[in-house]
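Residue numbers (full-length UniProt numbering): 1 to 150. Quick reminder that beta carbons are idealized off the backbone N, C-alpha and C, glycines included. Take a look at the structure set out below.
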Ligand SMILES: [Zn+2]
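As structure tokens, this is what we get:
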């Protein structure tokens, strides 16, 4: 189980090795992704709270990266955090996501990215439910929900 101290360690020192890497130029990403997904995954924008696809969805299955298709989160780890965005207590695997310190917008946060394609997903906070105590606050547009493998 991944806890806040693990997140800090990864952000500070070194992230887990991804199983594979997907690298494209910004122009290739712009052509590949729908504009709404491109703005979030590659430009680190944030979608509006509540008015997004998966905020209130609790269908079983899994969430993959809208950029590269890698498995990121299981629906079983999704919970109602009343934040306005899809919230998870754990990534699908330790190496699924990577962490970096983000001091933008006058806030000290830890950004969560896809570990395979570096796509921006959202942020992680130390106020999640027990036992792990971490909350992954993720943009719906960076995810694709599928029921395969549930
Ligand atoms: Zn990805």
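* Asked: Using the C-alpha atoms, what's the distance from residue 102 back to residue 127?
  -> Reading the chain shown from its first residue, position 127 is the one you call residue 127. Reading the chain shown from its first residue, position 102 is the one you call residue 102. If I take the Cα positions, the gap works out to 17 Å.
* Cβ of residue 114 within 7 Å of any heavy atom in ligand 1? -> The count along the chain shown starts at 1 and reaches residue 114 at position 114. Flag set: Cβ of residue 114 near ligand 1.
* Return yes when the Cβ of residue 143 is within less than 8 Å of the Cβ of residue 81, no when it is not. => The residue given as residue 81 occupies position 81 in the chain shown. The residue given as residue 143 occupies position 143 in the chain shown. With a cutoff of 8 Å on beta-carbon distance, residue 81 and residue 143 are scored as not near each other.
* Please classify residue 99: does DSSP put it in a helix, a strand, or coil? => As a working note, residue 99 is residue 99 in the chain shown. The answer is strand: DSSP assigns residue 99 an E or B state.
* Do you know offhand how far residue 109's Cα is from residue 133's? -> For the purposes of this step, residue 109 is taken as residue 109 along the chain shown, with counting starting at 1. For the purposes of this step, residue 133 is taken as residue 133 along the chain shown, with counting starting at 1. Distance between the alpha carbons of residue 109 and residue 133: 16 Å.
* **Proximity below 8 Å, CB of residue 135 to CB of residue 124** => Residue mapping note: residue 135 aligns to position 135 of the chain shown, counting from 1. Residue mapping note: residue 124 aligns to position 124 of the chain shown, counting from 1. Residue 124 is positioned such that its CB atom lies closer than 8 Å to that of residue 135.
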